[in-house]
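Undergrad:
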Amino acid sequence: MSQNLVIVESPAKAKTIEKFLGKDYKVLASFGHVRALPSKQGSVDIGNDFEPKYHVLPESKKHLDAIKKALKESDRLLLATDPDREGEAISWHLLAALGLDKKKNPGIEIQRVVFHEITKDAIIHAVEHPRAIAAELVDAQQARSVLDYLVGFNLSPFLWKKIRYGLSAGRVQSVALRLVCEREKEIQAFVEQEYWTIAARLGVAPGQEFKAGLVAVGGKKLGKFDIPGEEVATGLKAALQSGSYRVDKITKTEKKRTPAPPFTTSTLQQEASRKLGFSAKKTMSTAQKLYEGIDIGEGGTVGLITYMRTDSVNLSNQALLEAHDVISAAYGPEYALAKPRLYRTKTKNAQEAHEAIRPTYISKTPAELKKFLTPDLHKLYELIWKRTVACQMAEALLDQTSVDIAADLAAPPAAGPFSGARQAGLRASGTVIRFPGFMKLYIEGLDDQDEEKEGLLPAMAEGVSLKQHEIIPEQHFTQPPPRYTEATLVKTLEEYGIGRPSTYASIMNTLVERKYTRLDKKRFFPEDVGMVVNDLLTAHFARYVDYNFTAGLEEELDQVSRGEKQWKPLLKEFWEPFSTLLKQKEGEVNKSDLTTEAMDEACPECGKPLVVKLGKRGKFIACSGFQEGCKYTRNIDAEKGAESAEPVLSDEKCEKCGQPMLIKDGRYGKYLACSGYPACKNIQPLVKPRGTGVVCPECKEGELTEKKSRYGKMFYSCNRYPQCKFALWDLPVERKCPKCGFPLLVKKISKREGEYVKCPKEGCDFKEGGKEAK
1 MSQNLVIVES
11 PAKAKTIEKF
21 LGKDYKVLAS
31 FGHVRALPSK
41 QGSVDIGNDF
51 EPKYHVLPES
61 KKHLDAIKKA
71 LKESDRLLLA
81 TDPDREGEAI
91 SWHLLAALGL
101 DKKKNPGIEI
111 QRVVFHEITK
121 DAIIHAVEHP
131 RAIAAELVDA
141 QQARSVLDYL
151 VGFNLSPFLW
161 KKIRYGLSAG
171 RVQSVALRLV
181 CEREKEIQAF
191 VEQEYWTIAA
201 RLGVAPGQEF
211 KAGLVAVGGK
221 KLGKFDIPGE
231 EVATGLKAAL
241 QSGSYRVDKI
251 TKTEKKRTPA
261 PPFTTSTLQQ
271 EASRKLGFSA
281 KKTMSTAQKL
291 YEGIDIGEGG
301 TVGLITYMRT
311 DSVNLSNQAL
321 LEAHDVISAA
331 YGPEYALAKP
341 RLYRTKTKNA
351 QEAHEAIRPT
361 YISKTPAELK
371 KFLTPDLHKL
381 YELIWKRTVA
391 CQMAEALLDQ
401 TSVDIAADLA
411 APPAAGPFSG
421 ARQAGLRASG
431 TVIRFPGFMK
441 LYIEGLDDQD
451 EEKEGLLPAM
461 AEGVSLKQHE
471 IIPEQHFTQP
481 PPRYTEATLV
491 KTLEEYGIGR
501 PSTYASIMNT
511 LVERKYTRLD
521 KKRFFPEDVG
531 MVVNDLLTAH
541 FARYVDYNFT
551 AGLEEELDQV
561 SRGEKQWKPL
571 LKEFWEPFST
581 LLKQKEGEVN
591 KSDLTTEAMD
601 EACPECGKPL
611 VVKLGKRGKF
621 IACSGFQEGC
631 KYTRNIDAEK
641 GAESAEPVLS
651 DEKCEKCGQP
661 MLIKDGRYGK
671 YLACSGYPAC
681 KNIQPLVKPR
691 GTGVVCPECK
701 EGELTEKKSR
711 YGKMFYSCNR
721 YPQCKFALWD
731 LPVERKCPKC
741 GFPLLVKKIS
751 KREGEYVKCP
761 KEGCDFKEGG
771 KEAK
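Below you can see the structure in the form of structure tokens.
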């Protein structure tokens, strides 16, 4: 009987698919990429038409060996990696790493199969309709990898020379950094402006009150800044208090609201950030688990959503039928559509998947699956399910009412821009939901809360007099543009057409990991080094961090994926001007110009000019005579007029000298430091170490406790330190080593081997558990 070997990327996916295909199929995982460009210079042979020099990843060798072994017993190889460009390229790399092609291996049939959901029907359909590897998709992915390499491995060393070692630049990463830094400069340059608004609390009858805003005075429509200060506002308040009010005009309009389209990768990241507080990285990893398969009891393991890397908003006919049935049963036929609602993809080259992100079985409600899902999996599944179902529900019908109110002022303002005005106009608006439609289930960008009741207005008729209850002036100040959140940064990148939605999570993660930005209250703040890097790139490599240029390059990559453009000529077009500019800037850019700024202030110790310098912890003020021996420095905050926070006295006593410990702010957050410094230099984490309950094997008196190193890494040491200096990097387990008798073992977790315990004693090789345990 013939044996079919199927290769997927993930082991979790492999188990699910093997169950669907049966005994004639063996499913193995490649564990992601098997080949890549090495992270070193020379990985692309520029002189040889940009030939990439791929290497097999060390961690992939054992997986390739397992695939080679299984191939010996197979006569058909099905490459079932993910249905996007990256997945296509992984299949291509797999064949190269295995040394397979049709000429060398005529006895093995090699085919590519693609599916967008891990369900039995989808898998069987894919296997019955195989195709060849799409060369144009592979070329587009190769072009992207080589372009990113050419930028990263040439521009990053430039930053090392001109700013400091360890910095990085990236084709899309640097453009994202520019967005964050330019927004920060807008905020710094912003000058707030005061303005006032005035509202009146009016009544039709007792208990039927509403608010109306002042919109016109003396026949002139008010602009935003027409009430500039308290004096003018106070004069208008007095005049309005003297007024008599009547309903001048009532306007009613019917409005229809349609639901948002089903999720793409980017809109899922944005909405999960707004509604669930998930980072883009967490959203994608959670969605990956839902896609690869969840055990749902009697139904076994099944993929609960379609492929989560897509820019399509299409839904299959089967999904549309399922949604219609679910809506009719749950909400009634009036909420279902007679004809499906179709959406048009706005992304120019939406070919990453045939469908939007949707539940594979819409009939499986979030409530039904909740017992099988972790809280995060359930939250994300519920969000996807609601969005999918809502997009096929009826429109919401809203009655919007606008009431124009005329006020006759008995005592007009005596002074100011409105002096002598005897009439004023006010307006109140309210919305009534006549038919909720899709809003009964889901509203985009809100927390699924009820429509605010203060939007409702009491019944009124034109010409009716209104009673004035209160005049309410309110002071406002214009606000600077908000800093980017993950959601708004993703939205902006997508609007410009920069990068691919599937890469946004890693781009934002890189900005934070490289210390170019920090996330504070879910908003991006650029660090000093990020601002300096951005200033260098925008000043000297403006074209390569230009939004339109980067978006244009994405379109060219899309042209490669459609077979409209060849990838190596594209690389040549990019490389020649880029490399020429890089050589030119090597001689033009001076390191001190980037990392040092002159100040009009003399050093208080030696009299030489002070400068602002860029250090590892950001900018600081230093003496320009540093090389001549002057060590004067001070915090940059002092220059900004901000005083450093005074250390707070804690209740802790120093374990070395007995003096009180102070709570201080450091690079890694708050910590305890001895008040006896510099005589005593003892420091400790602010949070008390947590005990493990394991007795120290060295002194046999202390307890091993959890601590954090100065670099943020967790370790476990004896609480009798400094008398006992025993420490471990791994979690201790109170269990005697069965091989050497050492009093404890340690728990380790790795991606390759999973969770296992081992003996920490040097020379003892005892190990138990893990994927490779014998």
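In the UniProt record's numbering, the protein residues as written are 1 to 774. C-beta: ideal position from N, C-alpha, C; glycine also.
The alpha helix (DSSP H) with H469 in it runs from where to where?
TA: From DSSP, H469 is part of no alpha helix (DSSP H) but of the beta strand (DSSP E) over S465 to F477.
Undergrad: Check whether the Cβ atoms of P501 and T286 lie closer than 8 Å to each other.
TA: Not a contact, by the Cβ cut-off of 8 Å.
Undergrad: Under the DSSP definition of a beta bridge, which residues are partnered with C657?
TA: Partner(s): none; C657 has no beta bridge.
Undergrad: Closer than 6 Å by C-beta to G416: which residues in its own chain qualify, once you throw out the five before and the five after it? Chain order, please.
TA: The answer, listed in chain order, is V232 and G235.
Undergrad: Grouping DSSP H, G and I as helix and E and B as strand, with all else coil, what is P366?
TA: Helix at P366.
Undergrad: I want to know whether the region 119–126 touches the region 16–25 - three or more CB-CB distances under 8 Å.
TA: Enough Cβ pairs lie closer than 8 Å, so yes.
Undergrad: Within a Cβ cutoff of 8 Å, which residues of the same chain sit near E652, ignoring the five residues on either side of it in sequence?
TA: Taken in chain order, the residues that qualify are P660, M661, L672 and Q684.
Undergrad: For L672, does the three-state DSSP call read helix, strand or coil?
TA: It is a strand residue.
Undergrad: What does the alpha-carbon distance come out to for the pair K13 and E298?
TA: Going by the C-alpha atoms only, they are around 18 Å apart.
Undergrad: At which residue ranges does the region 23–85 contain complete beta strand (DSSP E) runs of 3 or more residues, listed in the order of the chain?
TA: Here the runs fully enclosed are 25–29 and 76–79.
Undergrad: So if DSSP puts R131 in a beta bridge, which residue, or which two residues, is it bridged to?
TA: Answer by DSSP bridge pairing, in chain order: R112.
Undergrad: At 4 residues or longer, and completely inside the region 356–443: list those alpha helix (DSSP H) runs for me, N to C.
TA: Listed in chain order, the complete alpha helix (DSSP H) runs (minimum 4 residues) inside the region 356–443 are 366–369 and 375–390.
Undergrad: Going by the DSSP bridge assignment, what does D295 pair with across the sheet?
TA: For D295, which the question treats as bridged, DSSP gives the partners T301.
Undergrad: Taking the Cβ atom as the reference point for each residue, do V34 and A80 lie within a distance shorter than 8 Å?
TA: No, Cβ-Cβ distance for V34 and A80 is not below 8 Å.
Undergrad: Going by Cα to Cα distance, which pick from I108, A200 and S156 is closest to Q3?
TA: Per the Cα distances, I108.
Undergrad: Excluding sequence positions up to five away, which residues of its chain have a Cβ less than 6 Å from the Cβ of V27?
TA: Taken in chain order, the residues that qualify are V6, A14, I17 and E18.
Undergrad: Which first and last residues belong to the alpha helix (DSSP H) in which K15 is found?
TA: Segment P11 to L21, the alpha helix (DSSP H) holding K15.
Undergrad: What number of angstroms, rounded off, separates the C-alpha of L377 from the C-alpha of S10?
TA: Cα to Cα, the separation comes out at about 18 Å.
Undergrad: Under 8 Å by Cβ, that's how I've got V151 and R171 pegged, so tell me the actual separation to the nearest angstrom.
TA: Sure, about 4 Å apart at Cβ, within 8 Å.
Undergrad: Roughly how many angstroms lie between the CA atoms of V180 and E527, to the nearest whole one?
TA: Looking at the two C-alpha atoms, the distance is approximately 10 Å.
Undergrad: Please report the residue range of the alpha helix (DSSP H) in which M508 lies.
TA: Here the alpha helix (DSSP H) through M508 covers Y504 to E513.
Undergrad: Within 10 Å of its beta-carbon, does E495 have 16 or more other beta-carbons around it, so buried, or fewer, so exposed?
TA: By the neighbour-count rule (16 or more Cβ atoms within 10 Å), E495 is not buried but exposed.
Undergrad: Alpha carbon to alpha carbon, what distance is there between R257 and K619?
TA: Approximately 51 Å between the Cα atoms of the pair.
Undergrad: So for T538, helix, strand or coil by DSSP?
TA: Three-state DSSP puts T538 in a helix.
Undergrad: I'd like the span of the beta strand (DSSP E) that includes D730, first residue to last.
TA: That residue, D730, is in no beta strand (DSSP E); it is neither H nor E in DSSP.
Undergrad: Helix, strand or coil for E755, going by three-state DSSP, please let me know.
TA: Note: E755 maps to strand in three-state DSSP.
Undergrad: Quick check: what's the CA-CA separation for H142 versus A487?
TA: It is Gln, not His, that sits at residue 142 in the sequence shown. Rounded to whole angstroms, Q142 to A487 spans 29 Å at the Cα level.
Undergrad: Identify every residue that forms a DSSP beta bridge with I198.
TA: I198 is bridged to P473.
Undergrad: Counting Cβ pairs closer than 8 Å, one from the region 317–332 and one from the region 512–527, do we hit at least three?
TA: At 8 Å Cβ cutoff, the stretches do not touch.
Undergrad: Count the other CB atoms within 10 Å of the CB of K484; is the residue buried (16 or more) or exposed (fewer)?
TA: What sits at residue 484 in the sequence shown is Tyr, not Lys. By the 10 Å Cβ count, Y484 comes out buried.
Undergrad: On the DSSP bridge list, what partners appear for K608?
TA: None; K608 has no bridge partner.
Undergrad: Work out the CA separation of G229 and S156 for me, nearest whole Å.
TA: Going from the Cα of S156 to the Cα of G229 covers about 52 Å.
Undergrad: If you run the structure through DSSP and keep just helix, strand and coil, what is I227?
TA: Residue state, collapsed to three classes: coil.
Undergrad: By Cβ distance below 7 Å, which residues in the same chain neighbour A410 in space, the five residues on each side in sequence not counted?
TA: Once the five neighbours on either side are set aside, the close Cβ partners of A410 are S242 and G243.
Undergrad: Between the Cα of E513 and the Cα atoms of G166, R131, Y721 and L64, which residue gives the shortest distance?
TA: Looking at the Cα atoms, G166 is the closest of the given residues.
Undergrad: Per DSSP, C684 is paired with what?
TA: According to the sequence as given, residue 684 is Gln; it is not Cys. BP columns for Q684 point to L672.
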